[in-house]
Amino acid sequence: MSGKISATFGTRKILTMIQQQNADRDLLLMQANATEDRYMLLDLTGEKSVFASPVSYDVLLSKGSEDWHGMTSFIFVDLPIEEQKVFNSKFSAFRAEYEKPNGLKHFWILREAKNDAAFVIVTNWHSDSEYAVWLRSASFKPFAKYLSEDYDYHESRYSFVRSLKS
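Sequential numbering of the sequence shown, starting at 1, is according to full-length UniProt numbering.
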């Protein structure tokens with residue numbers, strides 16, 4: 001896993017075409033759980049993006065096996081500078097003490113490359129129900145405060161569709 005990833009969004013047809021044109025890259029096609037016609041293509045190579053309009057992220061923390069099957073949650077938050085150290089400290093402690101919640105395969109903490117205040121908590125799960133249990137658990141409690149309008153919180157959930165490498 002590289003220290004950078006990028007994403008782009010579009011129709012399945014267009015994103016599949018990009019994926020096929022770049023078969024040498026590790027590009028993952030994912031479908032939004034909330035709507036059947038919303039797709040995302042992730043570039044995990046860390047190389048210069050092949051996307052026309054990528055959203056690029058730096059990987060700050062990662063833990064677990066990178067199996068993208070199942071449900072992947074992307075929690076987006078904007079953090080003021082004084083909150084960023086606290087946020088990073090909480091996730092560093094979570095990573096160090098890491099008693100993996102049931103069903104969690106991997107997690108990442110990302111920061112948008114063009115916006116130092118924009119963070120993304122990426123978690124991949126065997127199922128939606130295991131994710132829902134974690135959100136109510138003691139191990140999630142230190143992060144629950146970020147799921148508010150105060151931090152411009154929003155979330156998207158995606159399911160793996162295909163990778164030409166897998």
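Yeah, the Cβ is synthetic: ideal placement off N, Cα and C, and Gly gets one too.
These numbers come from a predicted model, not from an experiment.
Give a yes or no on whether the C-beta atoms belonging to residue i and residue j are separated by under 8 Å.
i	j	result
Thr8	Leu41	yes
Gly70	His126	yes
Ile109	Phe143	no
Within 10 Å of its beta-carbon, does residue i have 16 or more other beta-carbons around it, so buried, or fewer, so exposed?
i	result
Asp26	buried
Ser6	buried
Met17	exposed
Gln20	exposed
So, does the CB of residue i fall closer than 8 Å to a CB anywhere in chain D?
i	result
Lys105	Annotation note: the requested chain D is absent from the structure, which comprises a single protein chain.
In angstroms with no decimal places, state the Cα-to-Cα distance between residue i and residue j.
i	j	result
Val55	Ala138	32 Å
Glu149	Glu112	19 Å
Gly3	Asp152	25 Å
Ser89	Glu83	10 Å
Gln31	Phe160	7 Å
Tyr39	Lys145	29 Å
Asp128	Glu66	17 Å
Asn102	Glu130	6 Å
Trp68	Ile81	31 Å
Thr35	His154	16 Å
Asp58	Asn115	11 Å
Asp24	Tyr158	23 Å
Ile14	Asp37	12 Å
Near residue i, what residues of its chain come up, given a Cβ to Cβ distance below 8 Å and the 5 sequence neighbours on each side ignored?
i	result
Ala52	Thr8
Gly64	Lys100, Leu104, Lys105, His106, Phe107 and Asn124
Ser92	Leu61
Lys85	none
Go through its chain and collect everything with a Cβ distance to residue i's Cβ below 7 Å, but skip five positions before and after it.
i	result
residue 191	Nothing about residue 191 can be read from this structure; the chain reaches only from 1 to 166.
Ser156	Ala32 and Phe74
Phe140	Trp134
Looking only at its own chain, which residues have a Cβ that is under 6 Å from the Cβ of residue i, when we skip the five neighbours before and after it?
i	result
Val50	Asn22
Ser163	Leu28
Leu147	Tyr153
| request: Decide if the segment 132-143 is in contact with the segment 10-24; the criterion is three or more beta carbon pairs, one per stretch, under 8 Å apart. | output: no
| task | Count the CB pairs spanning the segment 45-53 and the segment 72-80 that are closer than 8 Å, and state whether there are at least three. | result | no
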